[in-house]
Amino acid sequence: MNHIDDECEHPVAKNCLTGVRRLLAGANFSIAAAAITLVFSAATAEAVTLEEAKATGVTIAIANEPPTMQMNPDGTPGGWGPDLDAAILGELGVTEFSGQVMEYGAMIPALQSKRATLTSSGALFIRPERCEAILFSEPTSCNGEAFIMSATLAGKIKTFKDVADQGLKIGVCGGCSEQKMAIEAGVKEENIVVYPDGTSGLKLLKDNRIAVFANDATSTVALFTRANSPELHLVRIENIRSCAAAGFSKNDAELRDAYNEGLRRIRANGKYAELVKKYGLEEGARDIEKVSTAQLCGK
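75 is the number that numbering that gives the first Met the number 0 gives to position 76 of the sequence shown; each next residue is one higher, with no gaps.
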């Protein structure tokens, strides 16, 4: 039997997705570098209009984090985030969708260089520092955080501070919010190991190269369930809830505004509720309309 500590006041929600999710913290990607890229891109890249999106389709930046985001066998993007994006943009007449799989830390540069039209609604959490680099839609879902660890650590690790205090190595995805959370909790740089995707991170844990695996709750629970190992232990972290949204280049305000209109429509016509039920994200959608991007950006 798998070991589970339900330490979260919020049931699993997809990376309020869901994942995704995320700003790369620490030495891997500096805010200064992002700002330089933004200035260059804003000056050179043309805005993507809704009419262009309807005519040629859009490219969605996604991570390999099922069930939030994934590439389907037919090569199309799927999962909660891309399905929501397709429903929203479909309301506006956009019918062609392609996906590019990348690490979270590569998503903002991909928007700025126009390699992607948007980051999936399940990819990036809304953070004030990210709001300086890109535009976000209104929130689409909210999510908690979770750990996977050896069953021998059951009851000993419930927070990022516990990881720091015990000097344990923690695995976080590249560019994700968990990396920043670990740093802010006092985890030493040499104890933070970056993995490219959840499957790779779980292998690091099984190989004893890290003691704790961290990610958003939905992705972590999905990995834990698939692993189905009595040697692993799951902890949902209490009182951490972040909200995700689709991301756009700074000069794509028209497309972002159109996306918000599409989001409003699917909430009104029931399609949003249908997708929430399909992916079991009722908790992630709870009170979602009471939270605004302006609030989360600190404006």
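For every residue, glycine included, the Cβ atom is placed at its ideal position computed from N, Cα and C.
Model, not experiment: these values are computed from the prediction.
Roughly how many whole angstroms lie between the Cα atoms of residue i and residue j?
i: E50; j: A284; result: 30 Å
i: S241; j: P76; result: 23 Å
i: Q111; j: D251; result: 10 Å
i: A145; j: F223; result: 10 Å
i: G200; j: K187; result: 18 Å
i: M106; j: A60; result: 6 Å
i: A46; j: N238; result: 39 Å
i: A226; j: Y194; result: 17 Å
i: K249; j: T219; result: 31 Å
i: A221; j: D164; result: 28 Å
i: D196; j: P127; result: 24 Å
i: V192; j: N207; result: 12 Å
i: M70; j: H232; result: 28 Å
i: L274; j: A243; result: 16 Å
i: A62; j: T198; result: 12 Å
Looking at the unbroken alpha helix (DSSP H) that takes in residue i, where does it start and where does it end?
i: F159; result: 159-164
i: M180; result: 176-183
i: G170; result: No alpha helix (DSSP H) holds G170; the beta strand (DSSP E) holding it covers 169-172.
i: F223; result: 216-226
i: L204; result: 197-205
i: Y271; result: 270-277
i: A85; result: 79-89
i: A284; result: 281-284
i: R129; result: 127-130
Could you check if residue i is buried or exposed, using at least 16 other CB atoms within 10 Å of its CB as the buried criterion?
i: E288; result: exposed
i: G299; result: With the chain covering 0 to 298 only, the question about residue 299 has no answer from this structure.
i: A272; result: exposed
i: D84; result: buried
i: D286; result: exposed
i: T67; result: buried
i: K179; result: buried
i: Q294; result: exposed
i: N214; result: buried
i: E82; result: The question names Glu, yet the displayed sequence has Asp at residue 82. Buried, since its Cβ has 16 or more Cβ neighbours within 10 Å.
i: L23; result: The predicted position of L23 is uncertain, since its pLDDT is 37 and thus under 50; a value taken from the coordinates is nonetheless stated next. It counts as buried.
i: E230; result: exposed
i: G173; result: buried
i: E281; result: exposed
i: A52; result: buried
i: G92; result: exposed
i: A54; result: exposed
i: E177; result: buried
Using a Cβ-Cβ distance under 7 Å, would residue i count as near chain C?
i: T139; result: The question asks about chain C, but that chain is absent: this structure has only one protein chain.
Are residue i and residue j touching if we call contact CB-CB under 7 Å?
i: A299; j: L117; result: The chain is shown from 0 up to 298; residue 299 falls before or after that span and cannot be answered.
i: A216; j: N142; result: yes
i: E64; j: R264; result: no
i: A184; j: K160; result: yes
i: I209; j: G170; result: yes
i: F212; j: I156; result: no
i: I125; j: Y258; result: no
i: K205; j: N190; result: no
In terms of residues, what are the limits of the beta strand (DSSP E) holding residue i?
i: M148; result: 144-149
i: C296; result: That residue, C296, is in no beta strand (DSSP E); it is neither H nor E in DSSP.
i: V57; result: 57-61
i: A105; result: It is not in any beta strand (DSSP E) - A105 carries neither H nor E in the DSSP assignment.
i: R235; result: 231-235
i: A243; result: 241-243
i: S97; result: 96-100
i: V193; result: 191-194
To which residues of the same chain is residue i closer than 6 Å at the C-beta, ignoring the five residues directly before and after it?
i: A115; result: T58, A60, Q99, A109
i: E95; result: G56
Between which residues of its own chain and residue i is the CB-CB distance below 7 Å, once the five residues before and five after are set aside?
i: F247; result: L110, L117, I133, L134, L254, R255
i: C130; result: C296
Enumerate in chain order the residues of its own chain whose CB-to-CB distance from residue i is below 8 Å, with the five nearest sequence positions on each side excluded.
i: L262; result: I87, S136, E137, T139, Y271
i: S291; result: E137, P138
i: K298; result: C130
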